[in-house]
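Engineer: Residue numbers (the numbering used here), protein chains in the order written: chain A, 169 to 1275; chain B, 28 to 550.
Cβ atoms here follow ideal geometry from the backbone N, Cα and C, with glycine treated the same way.
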Amino acid sequence: MTKIVFKLLLCPIFCAFALVAAAQQKSVTGTVTDDQGTPIPNVSVILKGSTSGVATNDNGRFTISVPGNSSVLEFSSVGYVPKEVTVGPLSTLTVVLDKEQAQQMQGVVVTALGVKRQERSLGYATSTVSSSDIVKTAPTNFASALYGKVPGLQVSQSPGGSTSGVVMQLRGVNSISFSSTPLIILDGVPIRDGSFNNGNYWGDQRVRANGLTDLNPEDMESVTVLKGAAAAALYGSEGKNGVILITSKKAKKGFAVDFNTSYFQNEVAYLPELQNVRGAGFPVPYGIYASDPDGFGSYTLDGTTYRTNLQAGLSFGPKFDGKPILSWDGKVRPYSPQPDRYKNLFQKGQNSSQNIAISSGTDKADIRLSLTHDNFEGVSKNSKDERLNANFTSTIKFSKNYSLDIMINYMNQHVHNRPYLVDRLINNFTGMMPAFDNGDWYFDKYRTSLGYKYVTGTNPSLTPDENLKIPNYRTDILDYVWNMMSNNEDDYNNRLISSITNNLTIIDGLTLRGKIATDATFNQTFNKNLSSQPVQYGPTGYYAQSNYNYNILYGDVLATYMGNITKDLEFSIMGGYSGRREKGMSTTVGTNGGLSVENKFDLSVSYNTPYSSGGDQSYFTTDAFLGTLNFNYKNYAFIEGTIRRDRTSTMNPNNNSFVYPSVNGSLVLSDLFKLPTVINYAKLRASWGTVGSYPQAYLANVAYNTGNLGVQLPGTNPVLTTSTITNPYGNDNIRPEMKKTYEVGLAIETFERRLNFDLTYYHDNVYDLLINLSLPQSMGASTILSNVAQLSNNGFEANINAIPVVTKNFQWSLSLNYFTNKNKITKLANGSDEIIHSDNDGNAYQIKSVVGHPVGDIYVHPLLVNSKGQPIITSDGLYQQDPNKMVSGGNSQVKGAGGMVNTLSYKNFALTLVTDFKYGGYVIPTGLYWMNSRGITKESLKYMDAAHGGLSYYLDGDLRGIPTSAAQGPNGETVLHDGMLLKGVTADGKENTNIISQAYYYWNIYNWGGPQYSPSALYYLYVQKNNYIKMREISLAYTLPNKISEKVWAKRLTVSVFARNPFYLYRTIKDMDAEQLTTGNVWFNNLSNAGSQPSTRTFGAMLRATF
Amino acid sequence: MKKIILAMVVVGVSGIFSCTKKQFADDYIKPTTVATTTVEKQFAGFLSSDLDYVMYKYWNYFVILQNTALPWSQAVGVNNTQGRYVPGAAAISDRWSNYYNFLSQYKELLNVYNQSSDDEKAAKRIYIIMATIHYYDRSEKVVDLHGDIPWSEAGLLSTNKGNVSASYAKYDDAATIYTKMLDDLKGFSDELNSISVSPAVAATLKSQDFINNGNIDLWKKYCNSLRIRMLMRVSGVASFQSRVDAEMAAILGNPTNYPIVTSNSDNIVIKVYNPTSGINNGSGTGRSADFYTGLIGWGGGDVPSEKMIDLMNASNDPRLPIMFQPGDSAGSTFTGLDPMLNGNAQTDVVNSGKLARYNFQNISQNIYLPGMLINASEVSFYVAEYYLSKGDDAAAKAAYENGVKTSIDRYASYASKTVNDGAKTTYLASPSVAWAGDNAAKLNLIATQKWINYSVLQPLENWAEVRRLKLPVLTFLPDNTNPQELPPSRWQYPTNEQTYNTENYNKVKDADKINVKIFWDVK
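1. From what residue to what residue does the alpha helix (DSSP H) around B/P478 run?
2. Which first and last residues belong to the beta strand (DSSP E) in which A/T686 is found?
3. What are the residues in the region 879 to 893 of chain A lying within 9 Å of chain B by C-beta distance?
4. Give me, in chain order, the residues of the same chain whose beta-carbon lies closer than 6 Å to that of A/P1039; leave out the 5 immediate sequence neighbours on both sides.
5. Just reading off the alpha helix (DSSP H) that B/S434 is part of, what are its end residues?
6. For A/F788, go through chain B and note every residue whose CB falls closer than 7 Å to its CB, in chain order.
7. Helix, strand or coil: how does DSSP classify B/R260 here?
8. Starting from A/A1167, trace the beta strand (DSSP E) in both directions and tell me its first and last residue.
9. Tell me, to the nearest whole angstrom, how far the beta carbon of A/N955 is from that of A/L937; I am working on the premise that it is less than 8 Å.
10. Name, please, each residue of chain A whose Cβ falls closer than 7 Å to the Cβ of B/V113.
11. Could you compute how far the alpha carbon of B/N378 sits from the alpha carbon of B/T312?
12. According to DSSP, is B/V581 helix, strand or coil?
13. Is the CB-CB distance between A/S861 and A/E911 below 8 Å?
14. Name the DSSP bridge partner or partners of A/N1059?
15. From the DSSP output, in three-state form, read off A/G282 for me.
16. Look at the alpha carbon of A/Y745 and the alpha carbon of B/M157, and state the distance between them as a whole number of angstroms.
17. Per the DSSP calculation, A/W856 is bridged to which residue(s)?
18. When you compare the CB positions of A/I215 and A/L241, do they come within less than 8 Å of one another, or not?
19. Cα separation between B/A422 and B/A411?
20. For a cutoff of 8 Å on Cβ pairs, would you count A/A280 as touching chain B?
21. Using the Cβ count rule (16 or more neighbours within 10 Å means buried), how would you classify A/G1117?
22. Okay, do the region 293 to 308 of chain A and the region 1169 to 1183 of chain A touch, 3+ Cβ pairs below 8 Å being the bar?
23. Write down every uninterrupted run of the beta strand (DSSP E) in the region 524 to 549 of chain A whose length is 3 residues or greater and which is fully enclosed by it, in chain order.
24. Taking CB distances under 8 Å as the criterion, tell me whether B/R314 reaches chain A.
25. Can you tell me whether DSSP reads B/M82 as helix, strand or coil?
26. Against chain B, does A/S483 count as a neighbour if the rule is that its beta carbon must be under 8 Å from one of theirs?
27. Counting only beta-carbon atoms, is B/K134 nearer than 8 Å to chain A?
28. Under 8 Å between C-beta atoms, does A/P821 make it to chain B?
29. Quick one: does B/K233 have its CB under 8 Å from some CB of chain A?
30. Grab me the residues of B/N466's own chain with a C-beta within less than 7 Å of its C-beta, minus the 5 sequence neighbours each way, in chain order.
31. Looking at C-alpha atoms only, which residue of A/V200, A/V445, A/L383, A/G371 is the closest neighbour of A/T1105?
32. For A/E917, which beta-bridge partners are listed by DSSP?
33. Identify each residue in the region 798 to 824 of chain A for which the Cβ-Cβ distance to at least one residue of chain B is less than 8 Å, and report them in chain order.
34. For the candidate residues A/R360, A/M819, A/S1120, A/N1160, whose alpha-carbon lies nearest to that of A/H1145?
35. For A/Q958, I'd like the list of residues in its chain whose CB is within less than 6 Å of its CB, leaving aside the five on either flank, ordered along the chain.
36. Are the C-beta atoms of B/P177 and some chain A residue less than 8 Å apart?
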């Protein structure tokens, strides 16, 4: 078997090289123009019968060497009719290419299973983004180049740089408990994508990515998005979330070398708005902290007593005065703002990428070989991501009837320390950085001079003088820095994606295609955690080595017959089979109980034996029989039906097969009717289809976990155990999720194709949604896999392409994408009218889905009011949350999104501006609001003094605030000026008169917890709309004049500068990046957790050359 | 011809990948799971499912006990932080989830057992008795925390074959649960005297029963000692009084039929044979030891209370240097944390290194500590209390002194030391320990010794007894920043219940307040 593959692979490679040859004698120069005389750039000029060729420059000019006057040159360019010209005696040529006719203009689109079809024949919407639009700003993965470019596609990149995941979702959320990520297909091969969750700090402290980020954008010719069920129906149980088809670059006719290089920098951006006004503490009269009367503490260092901050979690203390203070790192500095304090925990990431691609094509064979080397860095220190991508594609035509396609994509990656989650610094009170603090200080102090982890107080240390004793350090931040700098994890990733496709024409009209493909991942990981203390205090540190392998083996065979029923009615029928097996295996072996020799990284120094070890295996099998039937009437009316029967190993073997039908059709109105001449093309399309989705492997099976506790009492046998699986409890009768879609669309091209519209309306119903339904733990399981819900999505998608201005030197083109989506839970089968997905922060808020509403309402306790609707104020002057009621504070689903791409070109300059926007989704970024309670945000400054609107008052013996305009209270009490009087009535109905400090207000109102824990916390204030308009990409490119590029033997040389995420035009939440909360590819991962990594903006420069 | 060969190759290559029905069936099953099990395996699985809460583990101490039972019983010093008298959501929900997973494994054991043949049922009855005794031991603790809990109908999802709507569990009345447990345990105590276990069953039992290794005699002692603990816990409740009297008399009057744990060799414990086997206190050692990192919490969590240290100093308690060690900068002076200082002052004292700590070597970093289920000392103290209440002073004194002696011996064994009888006698004669005074004073002696004996090693028992007897008298600094100013009387239910078991929860909702007392809390 492997031998066959090997031979099939090798033979064409040699053939291809043998066919590549060239020879030159006479030099010819010329210009290529259209029928209007406008020069056409980038026209391929090939010497017939050879592989040598050039491309025209931006002025349509070319120079080529030919053997003699009888030589024939072939001119071709997309959108023009190819032409052959005999050179003749002259050395200068002027060639005019005719535009292709309207019919032929309609490009060819890659559809399901890699079948190429005329765009005009499709009954469903597809969108294609081409290579040049993907690589313009050197994204580290292709998905983050799709922002705002495909109607119906939502993209969000999880913060954390090149090794962080990207979420894609088509036409709204399609699943309640599981991922809505589309299926990714590379040249017909389903590739491993998988899921990631960067919001589960206690499960995994590092930022991780999904598999699609491994694919190299430089090797992609185009990305086609299949959205609806009809488009994806041939993928059956995996097409439910849509399909992303990636087509690799292939050689064009002639010989070419492309060289691209880019450099860019990431910097931390869109951080919370922090205050720079006051330090740690709390208004002294409240007695929350023991302090000197001025709110400071003191510390004696080397005989001198200095003032210090308090070791205080709250930063409502003394204002900065610029006078000396002893900070926790032992230095005396002015007590002054540290505006970059948090930013200083991070670095500027330096990134570079080089790509070289060699391609050569003839009638017999083409071959493209590309090598890319990336060096990426995030903003997290001590992290690096180095990648080498090799890509090989080739097509060999052995005869008119038999050809072979080969694709080999190899990636070799070394990740040194995937960035460490900042969770503790955002989501944990004790890790939030106070105002008078600085990331730089932490880098000085996180380890001792001997290289051990910092030591606090009087804990034992070899360097007791270095112990941290001066108040107001944050051990959470020290730990973060220690972990980031000292816990090293090196990942060595190898991934091979390859496919070989045989295309055979048996008789005229009958073709057979067979494909075999693999996606194999081999990963090694080394963990080396430094010893954190001297070994005499107990062994610390850790070493582990892990292997992870994942293999996908895919095969399909398709037979197609095309024929004519009448002269005007063509048909084609296709039948086939595809099968896939996936095998995964992982093994980890690590030290146990620390390292017995400090910082020696090997299993042999494990303090305990046996080593800690673990391993697992996973298997997955799926296959399908499929068929399609197409009719084409006079090339303007098309109809297609498809059917697929799936089997999957993730469901009960007695009930694991499903049938997915679809039908779609299109009508080219502009051919059918005589339309006004302004309309060049109009097409109406409609489709209906069903696709599905099955549970992930092993979720459905009801079984027992097995275990072995080892021999206990010596002389007895090992203790063998079983336990029922309680999270989730399986379900042997589970059914797949079924999505039924219908969609209609209209494409119109007007004004000589300078103004084109494409509109789609779709309606999806998803039945039998798979849910890990939450249960009361007292029932015996925390969740159960079930099919209880039904939802619908419907919406419009619009795409407008326009070229508003064209002059000789200037062109403005514009592409506008927009979609709306309305999601709704239509039914719950268990008789209930809501599903509670999660109950958070001690019942402070819940994520629910309620029948009739979109998925994911954020429920919070409203303000407690009396029967007259007046807020009830507590005895200490605060509002309360209503413990008995929860109301929706907003829904998490995006209602609409889109983008605009503007390209302005002037002579050799091109400026591309990509903006994108989203609206309608609510989020609850709890950590950012908890920062208000710590007094470290700008928001928490409100009412802090008279200038900020604070009232003057003093506190009586019961800590009740009494208004005063005197300098002192009647008994000499201190007068404070940070008072707030909350509107409302006390429990007995009287107007509230108790003035409270704004510090007391913020501390309590933005505290953690539901009514049981923090009666005055008002979580409804945390629910915010997350709308934005972002400048996503800016690229300014300059193509060098031929005169210059020729000097370096280049056909085309372009330099550009670019920016990604440079700024917002608008955003509703000022304290974060709109995508800051993206931590995983299930929708509920992306609503509340701001603690993965900081967001970034990127600036860079790029050089692209074609030789 | 060529084409036909090529076509066969194309189809043939793909054909290699066509999937068989068997592959689908094989791949459905997760490699780490099995479809069926046995009573023996499920028994051990059940026993092991609460090990994290029996052994001395980080999570239980850090998240759950450090913020609740430990400071509220002053087994450790109270750190006067804000909100210290409200049980945290994480504490409640983690403990609850673990208990209900444990309970579900028990119900699954019954399910597996009930599906077996009558012969097998008869042969393996012993497993059900043992499992139920242990299950009641652990259930008692949860009833003592919450009061009424879902119990008789809980954990039946698997038994009901995944039928969700049939599996919502009602709340059982706490006193009814106690009654049921006492009834059953009484039955077991007789049944264990007559049960016969075949050699084949006994051989497997010896390995699978990692508590008593199939020693029926020890199971009898576990059963009867547990009855004593439960009976004494409800001894103040009027409706239980006649039962308490009758059963205590029956047990204590017939040690042959109803043996109890009276010496340390009988203690019901889960031993650690090897810290890296499946039953352990974590494999970290020294300052990385699980128990140590959990107990110390955010810092200062392993500092004892002033009350305990003062008492032990005053009586020259032989356990003092075994259970504790002086602070880093305290010389040889043992000092506890004053609960009445404000939080900042406490932090200063803790940081100064002057306060004693739970002894690293013997207690907090001793990874061989056995998981304690029931010990001779506590049983003796309950027996002493019973005799005291019945006016049998001599028997009360004997039991009390046995309790103290076995406690000293047990703590000494953690240090691999022995304390000679002379020292014990001297200690028992010291003023704050000697059996003297009126009944109230003697009850205080019993309670105080029980409190020291429980210390941080049996925190839930400790908190229950401190609540029941209100002895020893503990003082706390009120938390003025929170509506809950002093330690509560119970834990509320986790929000998981009000959210997902709403109908049943609503029936107990009104009593779900942290100052509602458990039914046995009548003093």
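Structural biologist: Taking the geometry as given:
1. Per the sequence presented here, residue 478 of chain B reads as Trp, with Pro not at that position. Looking at the DSSP string, the run of the alpha helix (DSSP H) that includes B/W478 is 466 to 481.
2. 678 to 697
3. V879, Q880, L881, P882, G883, T884, N885, P886, V887, L888, T889, T890, S891, T892, I893
4. L1031, V1033, Y1047, G1152
5. 420 to 441
6. D54
7. helix
8. From DSSP, A/A1167 is part of no beta strand (DSSP E) but of the alpha helix (DSSP H) over 1166 to 1173.
9. 7 Å
10. Y1181
11. 23 Å
12. For residue 581 of chain B there is no data in the structure shown, the boundaries of chain B being 28 and 550.
13. no
14. A/D1025
15. helix
16. 57 Å
17. A/V831, A/Y910
18. Here residue 215 of chain A turns out to be Leu, not Ile, going by the sequence shown. The answer is yes: Cβ separation under 8 Å.
19. 7 Å
20. no
21. exposed
22. no
23. 533 to 544
24. yes
25. coil
26. no
27. yes
28. yes
29. yes
30. L415
31. A/V445
32. A/Y849, A/N924
33. R815, T816, S817, T818, M819, N820, P821, N824
34. A/S1120
35. Y935, T994, K995
36. yes
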